[in-house]
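Take a look at the structure below.
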Amino acid sequence: MGGGNVCCYYCGNKLQHFEPRDCPFEEHTTFYPLCDFIQKVRGLDYINRIILECGRTPQGRLKYEVFGTQKIKRIIFEKS
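All residue numbers for the sequence shown refer to this note's numbering, where the first residue is 415 and numbers rise by one.
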């Protein structure tokens, strides 16, 4: 029985009960699809595929805005 805990060095989100057979990218994408590291390393097609396969609904959606030379990432959460 596993029980490892891991933390993404990029976004700081944590996964608990991590098993040796678990794929780090798939698990991280399943629970934290808005992480910039996952988006940069794997891309949006990968993220969308994992989300569809696992059947989870992301808790927020992304919106990008450009102000001059800066690109701002906003995470929008639905009211419950």
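Note that the Cβ used here is the ideal one computed from N, Cα and C, for glycine as well.
Keep in mind the model is a prediction, meaning the values are calculated, not measured.
Asked	Found
Looking only at its own chain, which residues have a Cβ that is under 8 Å from the Cβ of residue 456, when we skip the five neighbours before and after it?	439 and 443
From what residue to what residue does the alpha helix (DSSP H) around residue 468 run?	458 to 468
Please classify residue 446 as buried or exposed, where buried requires at least 16 other C-beta atoms within 10 Å of its C-beta.	buried
Between which two residues does the alpha helix (DSSP H) harbouring residue 440 extend?	438 to 445
Counting C-beta neighbours from all protein chains within 10 Å, is the total for residue 437 16 or more, i.e. buried, or is it exposed?	exposed
Can you grab the Cα-Cα spacing for the pair residue 421 / residue 483, in whole Å?	31 Å
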